[in-house]
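J.:
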Amino acid sequence: MTEGAPADHSAITLYRLQACPFCERVVRRLREYDVPFDSRFVEPMHSDRDVVKRVAGVRTVPVIVDEATGVTMAESGRIVEYLDATYGDDGRRRSADEAADPTAGGAD
Amino acid sequence: MDFDVTELPPTDHVAVGETAPDFERPLVNEEYWEDVALSALTDDGPVVLVFHSMDGAFPATYVWNEIDERAWADRLEVQLVGLSISTPYEHADLLADRGIDARLFSDPANGVAEAYGIVNDLDGMAGVSEPRPAVYVLEADRTVAYAWVAEEWPEFPPYDDIEDALGSL
């Protein structure tokens, strides 16, 4: 790998495809909960998505990697449920900034 | 052979000893792209920043073939990054097609070239400008250790000089 971690690196990385409605759904929810995240854009061709395959075991997007909870997850429906449970109003975390507490549990 | 090399007008560009303007743009690697600030790269060490013609133009191919052959990133422990007005999709193709070991910033609006004083308005392409060919060697605090900016079009970087500059970082 060649990339270095940016200085303003967020806990959540979102692998997304430009103009993908399923990805936008996840983006909307992250913004709604004011959760900082970094976007990594991949290419339309599934065969060009080695990074997503390596990270999540699938070639579909969206995929999120949440370093605060150790969760890597694909499929927008599941991701939205995870975000609701983790960062939503009734969630266990109110923002990724508070995620340093290792006693707070991640979603299963 | 009869051909014309165009002289480019004088320009007040970022020069040796100055601090290179910081910017954030999509940075494309072989697998994805994400917004990255130049300062995030220089924080990790010296950077060679290569401004080149839009991907697909022969100077872009020539420059990257030559630079890739010299393997600066491996031999001299510098980070090798390019910048053109091409989109991330075109950058991804350029990296894949040429097997180039570098990362490429995408700046379609040419704002970085403007900040560096190296805008090249392209004759015959209405509304399109791109950076002049230019190479900047940046130290960890973004101090410009070496700068080359084309004075003619087309013109190719003095690779040996750049290599000397890298060697004396």
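Protein chains in written order, with our numbering: chain A, 1 to 108; chain B, 1001 to 1169. We put the CB at the ideal spot given by N, CA and C, even for glycine.
1. Give the range of the alpha helix (DSSP H) segment to which Leu1169(B) is assigned.
2. Got a sec, what are the start and stop residues for the beta strand (DSSP E) Leu1080(B) sits in?
3. Does the beta-carbon of Ala1165(B) have 16 or more other beta-carbons within 10 angstroms, so that it is buried, or is it exposed?
4. In whole angstroms, give me the CA-to-CA distance for Ile1162(B) and Pro1059(B).
5. Do Val1137(B) and Ala1145(B) come within 9 Å of each other at the CB atom, strictly closer than that value?
6. Please list the partners that Pro1088(B) has in chain A, where partner means a Cβ-to-Cβ separation under 8 Å.
7. Whole angstroms are fine: how far does the CA of Glu1090(B) sit from the CA of Pro1026(B)?
8. Report the three-state DSSP secondary structure of Thr72(A) (helix, strand or coil).
9. Which same chain residues, not among the five before or five after Asn1065(B), have their C-beta less than 8 Å away from its C-beta?
10. I need the DSSP call for Leu1049(B), collapsed to helix, strand or coil.
11. I want to verify the contact list: residues of chain B whose CB lies under 7 Å from the CB of Asp50(A), in sequence order.
12. In the DSSP assignment, find the unbroken beta strand (DSSP E) run with Ser1039(B) in it and report its ends.
13. Could you check whether Val1050(B) and Ala1096(B) sit closer than 9 Å to each other, using their CB atoms as the reference points?
14. Strictly below 7 Å CB to CB, what residues from chain A border Ala1140(B)?
15. Residues of chain B with CB closer than 8 Å to the CB of Asp38(A), please, in chain order.
16. Can you name the start and end residues of the beta strand (DSSP E) that Phe1105(B) belongs to?
17. Return the CA-CA distance between Asp1055(B) and Tyr15(A), expressed in angstroms with no decimal places.
18. Tell me which same chain residues have a C-beta within less than 6 Å of the C-beta of Pro1154(B), skipping the five on either side of it?
19. Please list, in chain order, the residues of the stretch 1075-1103 of chain B that have any C-beta partner in chain A closer than 9 Å.
20. Helix, strand or coil: which one does DSSP assign to Pro1026(B)?
21. May I ask which residues mark the beginning and end of the beta strand (DSSP E) holding Tyr1146(B)?
22. Around the C-beta of Gln1079(B), are 16 or more other C-beta atoms found within 10 angstroms, so that it is buried, or is it exposed?
23. Helix, strand or coil: which one does DSSP assign to Ser47(A)?
24. Would you say Pro1026(B) reaches chain A, if we count a Cβ-Cβ gap shorter than 9 Å as a contact?
25. I'd like the list of long-range same chain contacts for Leu83(A), defined as Cβ closer than 6 Å, with 5 residues on each side in sequence excluded.
26. So for Arg1132(B), helix, strand or coil by DSSP?
27. Kindly identify the DSSP beta-bridge partner or partners of Trp1153(B).
28. May I ask you to report which of helix, strand or coil DSSP gives Ala1057(B)?
29. Would you decide whether Ala104(A) is buried or exposed? Buried here means 16 or more other CB atoms lie within 10 Å of its CB.
30. Nearest to Phe41(A) by alpha carbon, out of Ile79(A), Ser10(A) and Gln18(A)?
T.: Checking against the coordinates, here is how it stands:
1. Segment: none, Leu1169(B) is in no alpha helix (DSSP H) and carries neither H nor E.
2. Gln1079 to Ser1084
3. buried
4. 17 Å
5. yes
6. Phe41
7. 12 Å
8. strand
9. Arg1098
10. strand
11. Glu1031
12. Ser1039(B) -> not in any beta strand (DSSP E); alpha helix (DSSP H) instead, spanning Leu1038 to Thr1042.
13. no
14. Near Ala1140(B) there are no residues of chain A at all, since even the closest Cβ is about 13 Å away, more than 7 Å.
15. Glu1034 and Asp1035
16. Arg1103 to Ser1106
17. 25 Å
18. Pro1059
19. Gln1079, Pro1088, Tyr1089, Ala1092, Ala1096, Asp1101, Ala1102 and Arg1103
20. strand
21. Val1144 to Val1149
22. buried
23. helix
24. yes
25. Arg29
26. coil
27. Thr1006(B)
28. strand
29. In this prediction, Ala104(A) scores a pLDDT of 45, lower than 50, which makes its location untrustworthy; no coordinate-derived value is stated.
30. Gln18(A)
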